[in-house]
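Residue numbers (our numbering): 463 to 662. Notes for the one structure printed next.
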């Protein structure tokens, strides 16, 4: 019985050791691909954008950081960690975590999106970064400005005779509109300098 149990445990840990095989089969970065192999590669763990762009000298793609952890050894005191950057989240690892037969090994699996940037050179990388940061910042500023205008409009409507509150709300609306105008002008300047800035 002891031998059979040991064999069973060996088989289970062997299966756990192959948890990310399906993720390995779909690599995020394929070094056999000419573009991937000759590019500068940057991985952003907190993505600025979840868009994929496979055109030009600056490309972005969304991949998944698969991390699988389990415990092995005679008393399950040895921590084993597997990690893989892949185009998919591992279905095998997820199934192994859900399998109650593996509970003694305390398997844990996480799959998080990351942004991978590939660029042919430093110039295209800098241009691409500026583009992404501008779009991200413009989106945040635009949302905040519109929210402030709406909230201030409601405060003016409900202000009644409170002239100080109404004046403060009007001031916030003017500042928000000024912020949107500056954002628009900065976009116009970027477009004038580089007409393809927003289409990359």
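Built from N, CA and C at the ideal position, the CB exists for glycine as well.
{"Check": "Once DSSP output is grouped into helix, strand and coil, what is the label at residue 534?", "Outcome": "strand"}
{"Check": "Over what stretch of residues does the beta strand (DSSP E) that includes residue 502 continue unbroken?", "Outcome": "502-506"}
{"Check": "Judging by CA-CA distance, which residue of 550, 613, 646 is the nearest neighbour of residue 633?", "Outcome": "613"}
{"Check": "May I ask you to list the residues that DSSP assigns as paired with residue 580?", "Outcome": "503, 521"}
{"Check": "Distance, Cα to Cα, residue 519 vs residue 642?", "Outcome": "31 Å"}
{"Check": "Near residue 638, what residues of its chain come up, given a Cβ to Cβ distance below 6 Å and the 5 sequence neighbours on each side ignored?", "Outcome": "607, 610, 611"}
{"Check": "Kindly indicate which residue of 574, 624, 583 has the alpha-carbon position closest to the one of residue 507.", "Outcome": "574"}
{"Check": "Under 8 Å, with one C-beta from each stretch per pair, do the segment 480-500 and the segment 527-536 reach the 3-pair mark?", "Outcome": "yes"}
{"Check": "Mind listing, in chain order, the continuous beta strand (DSSP E) runs of no fewer than 3 residues lying wholly within the segment 573-645?", "Outcome": "none"}
{"Check": "Just the C-alpha distance for residue 603 and residue 629, rounded to the nearest angstrom, thanks.", "Outcome": "23 Å"}
{"Check": "If you check the beta carbons only, do residue 505 and residue 514 fall under 9 Å apart?", "Outcome": "no"}
{"Check": "If you follow the alpha helix (DSSP H) that residue 674 is part of, which residue opens it and which one closes it?", "Outcome": "Any question about residue 674 goes unanswered here, given that the chain covers just 463 to 662."}
{"Check": "Taking the alpha-carbon positions, what's the residue 631 to residue 622 distance?", "Outcome": "12 Å"}
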